[in-house]
Structure formats: structure tokens, C-alpha cells
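Under the working numbering, the first residue of the sequence shown is numbered 92, with each subsequent residue one higher. Beta carbons: idealized from backbone N, C-alpha and C, even for Gly. As the structure is a computational prediction, the values presented were derived from the model and not from experiment. I have placed the structure first, in the form of C-alpha cells, so that the comments after it can refer back to it.
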Amino acid sequence: ESSFVSSFRGDCHFDSMPPRAHSLSRFCITVLAMVLPHAATSHGDVHHEPASACSSSGSTVGSSARCFNRASYRLEHLGDDALDLLQAHQRSLARDSHGLGARAWSGLDLSPARERRWSTAWQESGEDAGSHFRILGHYNTGTHLLRELLLKNFDSSVGVPGADFEGILPGCKFWKHSSLAVLQTKSPKTLEDCGSSDLIVLAMIRNPLSWLRSFHHVAYDLYECSKGEDWLTRPCRYPSGVPGLLGGQQYANVEAIWSDWTQDYDSLASFGFKTGLVIRYEDLVLNTSGVLARIAALANVTLQPSVVEQVDEGANPLAEHKQDARSFAAEKIATKSYLSEYTPDELQQVCSRLDRTVMRRHGYSDCDDLNL
């Protein structure tokens, strides 16, 4: 028996019956889904177990056990071809994810430690930039994902801002998580050049019920607002020292933050922007190429598709990999798994505080669908 098959047995824990289906790594599931169809085709196994039986959600323990045992048998017969198949599958997933990992595709920003290394010096890619992007969005709305995709798919004819800027400079240069309304009130000159013909603003938003759960897990400067049993109802205040002149700014609740930021982006022209696009995080994940094409049209440039071929062949083939990060994010959006993290009472209360008109404008219908 090859070491590859032995590793697979150990990683998937199916030698003991029943298997621990609830604790399987996603990579183990990926191996199963990849191996079973190929083995059935190559070896004519009429007792083929559907790849869906390998799913960690919705499958019974019994079907998972059959899936594991048959996968082991087929891996043994595939021999050395199994690793080749797996690496080819990884390369395919890498292209689909543009080489970006789970953190980016989940909508999170840079790691909390990284977010503390801000700079007041403006940096921008694009040596021959004829158009300049400005990326806006609250925490965990996909601003980091969007920036990485722009860098990977556009050439030097467009300027993409650096990730760590926290200052306020002429030329419509400010912290990407800033409130446009706060800037307009406290520092109106900051927005004076936002109507430049070569400037394109890209504002990220996210389904509020999904965003709130992400915020509850990782809230960065608003950490204190994400803790406690009353985190959804009590006022939320930005601590002193937060960029964008937000220090000390208080909101009635976390839901009000989502509504205020999204309302600002719905009226970009009122803040001086002439060319802009509001991008839903969900669309960026589910229709990445379509969103990038719309951005390219705004910038009047040709899209340079990213092709990620390189996979580290020295990596453990049964370790967690980032290549399926996009599909994992897409699955969470499609299944609305974030809803299960609320109690019925919490859903009722959250929907009563969110701006339902703004939600409907962007196709966020969870509250309506639940008749709340």
C-alpha cells in the first residue's frame, strides 16, 4: 500500500466505524470527490458511490463510510496516478481561486496584526496609470479581496492603492474603511478631488446578516462592539486613534453602521465622485470574471486574466490548501449558512434595525424571505 493511501486513511479516519464525518477536513472531502468519479470511469466500478456522498453536510454517517471505503480501494488501484490526479485537481482549483487564500475569499481584511502597521505615505501600483482606483468598504466586505484581484488581473495602465494607507491627503486619498459622511462633515477638502476624470471609486458592500456574523468573529478596531450578549443592540463607539477621523464616533448599534456606510455608497455622486461602482461581495465571489469585466469597462482597459498554474509540489498533499477557498466562500453564500448562527429572536431584532429599503435595493432579501 502506497504512503499516499496510508496518509489518506489516517487523515480521513474511516478505518474506525463510523467515521468522524463531522470533523473531516475540506481537503479530505476534495480528495474523495476527485478520486471517486475518476476511478469509476477508469476501472468500471458499477458500485460507484456518488461524489455527493462525500459531502460533510447533508450526508449520513453510513453513506460517508461507504464513500471512504470505496475511495481507499480505488486509491490503491490508482497507485502513483492518484497523486498526479490530485495535483492536477489542485491546479484547477488554484486557477478558480486566482491563487488567493481563504481569508481573502471570506471577505476578511488583512490579519489584525497586519492592520496595525499603517502608513501615512500613499503608495499606488501602475507605472503607466491612466486611471486610478479608490477602494472603499467597511471591514470584512471584501476590500482586500478586490485589491488582490485588481493587482492580479490588470496591468500597469491602472493604479491600485496600497493596502496600508491611513492618512488624509489631497487627491481624494483616505483610509478605505472611512465613512464618507464623516469625512464630508469633518474634512470636506479631502473629497474635493474625488471628481477627477481619471479616478474610479469601487465601493464594496456585503449582505448585512452575513456581514454581522463576520464582524462578530473579527471586528478589528471595533472589537469591543462585537462582544457580549448585547453586541447587536448596544451603541457602538469607535476608539480614539482610529483613522478616517472616526475616533469617538458613535452609532446606535452595529446594524446602523452597515446601513450608514451602504447609504453613503448609494449616493457616491453627492460626495463628488463622477465614476464609480458599488460591488456586492457576493457578486465578486460568485461572478468574479463578470465583476472584473465591468471594472475594466469603466477604466477603458483590457482585462488581463490571471492564470495561476504554480502549485507547490513539495507540500503535503493531505494538508489544508487554499486552492478551494473560492468554492468554499461560494458555498457559504449559496447555503446562507450564516443564518444558522442567529437565534430566532436575534433574527427578528436584527431585521427590525436594518434599513430594509437599502437591503432590497441591493437584492438582500433574507429578512423578507423569513417574513420578519
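Within a Cβ cutoff of 6 angstroms, which residues of the same chain sit near residue i, ignoring the five residues on either side of it in sequence?
| i | result |
| --- | --- |
| T448 | none |
| D457 | L300 |
| K264 | W213 |
| D403 | No answer about D403 holds up, because its pLDDT of 35 lies below 50 and its placement is not dependable. |
| D355 | L271, A272 |
| K277 | L336 |
| A220 | V249, G250 |
| T211 | G258 |
| E215 | G250, P252 |
| D446 | S350 |
| T353 | I296, V449 |
Under DSSP, the alpha helix (DSSP H) around residue i begins and ends at which residues?
| i | result |
| --- | --- |
| L445 | No alpha helix (DSSP H) contains L445, which DSSP labels as neither H nor E. |
| L383 | 379-390 |
| D312 | D312 -> no alpha helix (DSSP H), and no H or E assigned at all. |
| W196 | 193-196 |
| I418 | Checking the displayed sequence, the identity of residue 418 turns out to be Ser instead of Ile. It spans 416-426 - the alpha helix (DSSP H) in which S418 sits, taken as one unbroken run. |
| K277 | 271-277 |
| C285 | Where C285 is concerned, there is no enclosing alpha helix (DSSP H), given that its DSSP letter is neither H nor E. |
| D321 | From DSSP, D321 is part of no alpha helix (DSSP H); its letter is neither H nor E. |
| D460 | 457-460 |
Sorted by chain position, which residues of the same chain lie with C-beta nearer than 8 angstroms to residue i's C-beta, five sequence neighbours on each side aside?
| i | result |
| --- | --- |
| H189 | E239, L240, K243, N244, T379, S397, V399, R417 |
| A310 | Y230, C316, S317 |
| L463 | L438, Q439, C442, S443 |
| G286 | G363, F364, K365 |
| Y342 | P326, C327, R328, I348, D351 |
| S331 | G338, G339 |
| D357 | V369, V449, R452 |
| W196 | S188, L236, V376, A416, R417, F419, A420 |
Could you please give me the residues that DSSP links to residue i through a beta bridge?
| i | result |
| --- | --- |
| L368 | L293 |
| Q440 | BP columns for Q440 are empty, so no partner. |
| Q341 | R328 |
| S210 | F256 |
| K264 | L260 |
Just to confirm my understanding: we take residue i, look at its own chain, exclude 5 residues before and 5 after, and list those with CB closer than 7 angstroms. What are they?
| i | result |
| --- | --- |
| F224 | L241, V249, G250, V251, P252, I291, L293 |
| L389 | I291, T366, L368 |
| G233 | G198, M295, R297, Y372, L375 |
| E320 | none |
| D312 | Y329, P330, V333 |
| L260 | W213 |
| L383 | L240, N244, L394 |
| D289 | G221, S222, H223 |
| L359 | V292, A294, G367 |
_Does the structure place the stretch 346-357 close enough to the stretch 290-309 that three or more beta carbon pairs sit under 8 angstroms?_
yes
*Is it a yes or a no for the stretch 358-368 touching the stretch 280-287, going by three-plus beta-carbon pairs under 8 angstroms?*
yes
_Quick check on the DSSP output: what are the complete beta strand (DSSP E) runs of length 3 or more inside the stretch 216-262, in order along the chain?_
222-227
*Does the stretch 291-298 come close enough to the stretch 370-377 that 3 or more CB-CB pairs lie under 8 angstroms?*
yes
*Are the stretch 420-427 and the stretch 319-330 in contact at 8 angstroms, needing three or more beta carbon pairs?*
no
*the stretch 263-270 contacting the stretch 227-237, beta-carbon criterion three pairs below 8 angstroms*: yes
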